[in-house]
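Adding 133 to a residue's 1-based position in the sequence shown gives its number in this note's numbering. In what follows, a single structure is set out as structure tokens and then discussed.
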Amino acid sequence: MSDLTPFYVTTPIYYVNDHPHVGHAYTTLAADTLARWRALLGHPTYSLTGTDEHGQKIEQAARRAGVTPQEHADRYSAPFRALLATLGAAPDDFIRTTEERHKEVVRAMWRRMEEAGDVYLSHYEGWYSVSDEAYFTEEELVDGKAPTGSEVTWMKEEGYFFRLSRYGARLLAHIEAHPTFIMPQSRANEIKRFIEQGLQDISISRSTFRWGIPVPDHDPHVIYVWVDALTNYISALGGPSAERYERFWPYAWHIIGKDILRFHAVYWPCFLMSAGLPLPERIFAHGWWTVEGEKMSKSKGNAVDPTAAVAAVGADAFRYFLLREVAFGADGDFSQSALLARVNNELGNDYGNLLNRALNMLAKYRGGVAPAPARPGGSGWGAAEGALHDAFVAARADLCAAMEELRFHDALRAIWSLVGAGNKYVGDSAPWVIARRGAEGAADLDRALYTLCEALRVVGVWTLPFLPTKAVALLDALGAPPEARTWESASAWGGLPAGAQAAPAAVLFPRVEGPLALTRAPAPAPVPAPALGAAPAAPPAPAPKPLIEYEDFAKVSLRVAVVLAAEPHPNAERLLTLTLDAGEERPRTVCAGIAAAYAPADLVGRRVALVSNLAPRKLRGVMSEGMLLAAGEGAAARLVEVPAGLPAGAEIK
Ligand code: ME8
Numbered sequence: 134m135s136d137l138t139p140f141y142v143t144t145p146i147y148y149v150n151d152h153p154h155v156g157h158a159y160t161t162l163a164a165d166t167l168a169r170w171r172a173l174l175g176h177p178t179y180s181l182t183g184t185d186e187h188g189q190k191i192e193q194a195a196r197r198a199g200v201t202p203q204e205h206a207d208r209y210s211a212p213f214r215a216l217l218a219t220l221g222a223a224p225d226d227f228i229r230t231t232e233e234r235h236k237e238v239v240r241a242m243w244r245r246m247e248e249a250g251d252v253y254l255s256h257y258e259g260w261y262s263v264s265d266e267a268y269f270t271e272e273e274l275v276d277g278k279a280p281t282g283s284e285v286t287w288m289k290e291e292g293y294f295f296r297l298s299r300y301g302a303r304l305l306a307h308i309e310a311h312p313t314f315i316m317p318q319s320r321a322n323e324i325k326r327f328i329e330q331g332l333q334d335i336s337i338s339r340s341t342f343r344w345g346i347p348v349p350d351h352d353p354h355v356i357y358v359w360v361d362a363l364t365n366y367i368s369a370l371g372g373p374s375a376e377r378y379e380r381f382w383p384y385a386w387h388i389i390g391k392d393i394l395r396f397h398a399v400y401w402p403c404f405l406m407s408a409g410l411p412l413p414e415r416i417f418a419h420g421w422w423t424v425e426g427e428k429m430s431k432s433k434g435n436a437v438d439p440t441a442a443v444a445a446v447g448a449d450a451f452r453y454f455l456l457r458e459v460a461f462g463a464d465g466d467f468s469q470s471a472l473l474a475r476v477n478n479e480l481g482n483d484y485g486n487l488l489n490r491a492l493n494m495l496a497k498y499r500g501g502v503a504p505a506p507a508r509p510g511g512s513g514w515g516a517a518e519g520a521l522h523d524a525f526v527a528a529r530a531d532l533c534a535a536m537e538e539l540r541f542h543d544a545l546r547a548i549w550s551l552v553g554a555g556n557k558y559v560g561d562s563a564p565w566v567i568a569r570r571g572a573e574g575a576a577d578l579d580r581a582l583y584t585l586c587e588a589l590r591v592v593g594v595w596t597l598p599f600l601p602t603k604a605v606a607l608l609d610a611l612g613a614p615p616e617a618r619t620w621e622s623a624s625a626w627g628g629l630p631a632g633a634q635a636a637p638a639a640v641l642f643p644r645v646e647g648p649l650a651l652t653r654a655p656a657p658a659p660v661p662a663p664a665l666g667a668a669p670a671a672p673p674a675p676a677p678k679p680l681i682e683y684e685d686f687a688k689v690s691l692r693v694a695v696v697l698a699a700e701p702h703p704n705a706e707r708l709l710t711l712t713l714d715a716g717e718e719r720p721r722t723v724c725a726g727i728a729a730a731y732a733p734a735d736l737v738g739r740r741v742a743l744v745s746n747l748a749p750r751k752l753r754g755v756m757s758e759g760m761l762l763a764a765g766e767g768a769a770a771r772l773v774e775v776p777a778g779l780p781a782g783a784e785i786k
């Protein structure tokens with residue numbers, strides 16, 4: 134096990150009232166990059182994202198759509214989860230606040246705060262904004278609206294309060310003692326000023342709506358959505374005293390947008406102090422994206438759809454642009470021209486060219502086989518090699534310093550300084566000139582080719598967190614073995630082993646021409662539930678199922694099977710009875726609900742995926758010994774088919 138400190142990185146959990154857009158993708162990709170970076174360094178790493186599903190605005194949105202709040206949450210959470218694969222982000226967990234594992238920890242958190250004497254019943258009056266889920270004082274209103282521009286109504290309710298006022302001095306002292314607790318520094322200053330003005334107790338329950346976690350023993354109050362939501366950061370670890378919590382808390386870095394800084398940098402630490410739990414290590418508030426100079430808004434329909442952006446330029450290029458274009462912490466503008474310029478110049482030309490030139494020359498002069506390592510000070514090591522190596526040493530230091538402070542754009546700039554030095558080295562060393570010297574220049578040519586390939590390898594390793602797919606493609610093309618892909622190996626010069634065999638590489642970043650279609654088509658309103666007797670609406674997106682452990686999955690035995698015979702089921706119109714060769718002594722009989730989709734004769738000879746260890750079950754009088762994998766319903770059902778070449782009985786895993 135690594136002796137480096139554990140590392141835990143989180144994104145906000147996103148509200149299930151919107152489709153994911155570039156802003157959400159930004160935070161998710163930044164957190165994913167950080168997790169990959171720390172994992173590359175060797176830290177035990179855990180990363181989390183998810184959806185925030187309770188509260189009045191979700192309840193209202195569900196009512197408008199004519200569905201239950203849970204159905205609404207299921208529909209809107211699924212796209213956030215699906216987006217992860219599209220983006221190439223791979224968090225360890227995706228938490229939903231409607232999951233029982235979360236609710237349990239929220240209740241425990243409430244009890245801890247109550248036991249600390251920090252929760253009391255009182256009355257509250259004020260201007261309430263449903264959209265912000267917050268009260269505002271008369272003085273805070275701007276032209277009769279919340280400071281965010283949302284509508285407010287005068288509300289009076291009995292509710293539970295949290296003694297935030299008790300924790301101001303302690304929190305201030307913590308911030309002073311931990312200069313990187315809130316970053317960037319300007320945000321820490323903003324929070325300090327806010328605390329210095331004096332913290333007021335806050336209302337932490339609501340009784341005017343139902344969609345939330347009931348206050349323990351005090352139903353009909355529900356727990357304020359921010360107490361609920363913030364607790365996700367520990368509920369996903371199993372809550373205090375769980376093994377994962379013990380391992381990863383408090384090594385947490387919360388990556389958030391600046392809009393929710395106060396909740397994270399004031400409320401959350403105070404809740405934790407009250408509950409007797411340690412504070413996270415860092416809260417980093419990044420800036421705000423506009424699109425072509427304008428604020429993103431539903432009415433304008435100008436939000437950049439991350440799925441469209443990935444379709445246009447690829448996931449790695451999209452990530453690169455977001456992290457390179459603006460300093461993390463500053464606001465930024467998403468413009469097509471800037472996106473195309475970065476993708477075509479920095480990725481296509483600079484990064485792609487380094488790969489192509491190195492591998493083309495290696496192929497031409499050495500059959501794609503890496504020569505023996507050329508190391509600093511070795512025979513023939515000259516000024517050109519020295520300059521490239523100096524660039525490597527400087528870039529490495531800059532990269533590490535930048536990543537420690539979440540200066541992603543500087544980290545990329547540092548890596549690209551080595552890319553630039555590598556490209557320059559091609560001209561300085563001019564392998565094609567050395568090659569003309571024939572056998573006499575062989576050692577010099579070896580050195581030049583090795584040096585170039587080594588720079589390429591280091592660039593490949595360093596970009597693993599930023600271009601997770603393309604960096605692997607680069608290292609594959611170079612033929613770098615696993616031990617030459619580690620952070621350690623890329624920290625010293627000479628890690629590419631002699632004899633590594635390069636393979637011709639596809640163009641990593643093909644040129645992209647505009648204009649690109651990056652916004653989503655105007656969203657159809659979520660499908661309302663059909664009135665009784667009405668025609669059924671389109672089926673809702675399936676509710677995501679909770680994560681399972683590998684051990685659960687491993688219990689399922691999936692096998693290739695070949696359909697030997699198929700006939701209508703004697704007693705059920707919907708079913709076909711299939712005889713399958715699953716590589717066993719005798720054929721199996723399986724009943725499948727695909728009669729509306731397939732004629733029996735069409736199935737004979739097909740190779741299908743069989744769940745082979747499902748307990749046999751009698752279906753309308755026929756014993757069915759397993760189940761076939763399929764998608765879709767009724768006439769639209771389609772069997773999952775297995776490519777030819779895999780024998781009956783082969784395990785699918
Ligand atoms: O606030 N630019 O959820 P949310 C950059 N559920 N980032 C942006 C952005 C933009 N234009 N728009 C959104 C919530 N974001 C709560 C959080 S956490 C315990 C609860 C990103 O769906 C940014 O990370 O409104 C911001 O903080 C987050 O989305 C807000 O997501």
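We treat Cβ as the ideally placed atom computed from N, Cα and C, and that holds for glycine. Model, not experiment: these values are computed from the prediction.
Item                                                                                                       : Value
Host alpha helix (DSSP H) of Ile308 (start-end)                                                            : Gly301 to Ala310
Neighbourhood of Ala668 by C-beta, 8 Å cutoff - its chain only, sequence neighbours within 5 removed       : Here Ala668 scores only 36 on pLDDT, less than 50, and its place in the model should not be relied on; the value that follows carries that caveat. If we look at Ala668 and ignore the five residues flanking it on each side, it has no Cβ neighbours.
Same chain, Cβ closer than 7 Å to Asn365, neighbours up to 5 away in sequence not counted                  : Ile146, Gly183, Ile228, Thr230 and His235
Leu578 Cβ short of 8 Å to the ligand ME8 heavy atom set                                                    : no
Beta-carbon proximity of Asn556 to Asp483, cut-off 9 Å                                                     : yes
Any non-hydrogen atom of the ligand ME8 closer than 8 Å to Thr144 Cβ                                       : yes
Identity of the residue in Pro373, Ala215 and Leu405 nearest Phe295 by Cα                                  : Leu405
Buried versus exposed, by CB contacts within 10 Å (16 or more), Gly593                                     : buried
Contact between the region 154-172 and the region 217-224 (3+ Cβ pairs under 8 Å)                          : yes
Coarse secondary structure for Ile727, derived from DSSP in three states                                   : coil
Cβ-heavy atom distance, Ile393 to the ligand ME8, below 8 Å                                                : yes
Alpha-carbon spacing of Phe327 relative to Pro317, whole angstroms                                         : 16 Å
Short Cβ contact (9 Å threshold) for Arg570 with Glu518                                                    : no
Test item: CB-CB of Leu488 and Leu582 under 9 Å                                                            : no
The ligand ME8 heavy atom lying under 8 Å from the CB of His397                                            : yes
Secondary structure of Tyr141, DSSP reduced to three states                                                : strand
Element boundaries [alpha helix (DSSP H), containing Pro402]                                               : Trp401 to Ser407
C-alpha gap between Ala418 and Glu271, whole angstroms                                                     : 28 Å
Collapsed DSSP secondary structure at Gly553 in the structure displayed                                    : helix
Own chain, CB closer than 6 Å to Met760, minus 5 neighbours either side, in chain order                    : Val744 and Leu747
Euclidean distance between Cα positions of Leu167 and Trp386                                               : 10 Å
Cβ-heavy atom distance, His157 to the ligand ME8, below 8 Å                                                : yes
Arg303 versus Leu394, Tyr378 and Tyr400, residue with shortest Cα-Cα distance                              : Tyr400
Alpha-carbon to alpha-carbon, Leu709 and His157                                                            : 46 Å
Near the ligand ME8: Asn435 beta-carbon under 8 Å from a heavy atom                                        : no
Distance cut-off 8 Å: Leu363 Cβ against heavy atoms of the ligand ME8                                      : yes
Any non-hydrogen atom of the ligand ME8 within 8 Å of Met242 CB                                            : no
Three-state class that DSSP yields for Pro672 in the structure shown                                       : Residue placement at Pro672 cannot be trusted, given a pLDDT of 47 that sits under 50; the coordinates are not used to answer.
Met429 Cβ short of 8 Å to the ligand ME8 heavy atom set                                                    : yes
From Glu329, Lys289 and Tyr558, residue whose alpha carbon lies closest to that of Arg339                  : Lys289
For Glu291, the three-state DSSP class (helix, strand or coil)                                             : strand
Residue burial classification, Ala442 (beta-carbon count within 10 angstroms, cutoff 16)                   : buried
Beta strand (DSSP E) runs contained entirely in the region 418-454, provided each spans 3 or more residues : 422-424
Proximity to Pro720 [Cα-Cα], best of Pro212, Ala698, Tyr209 and Ala474                                     : Ala698
Residues sharing a beta bridge with Ala463, DSSP                                                           : Phe461
Counterpart residues of Asp207 in DSSP-defined beta bridges                                                : Per DSSP, none; premise fails for Asp207.
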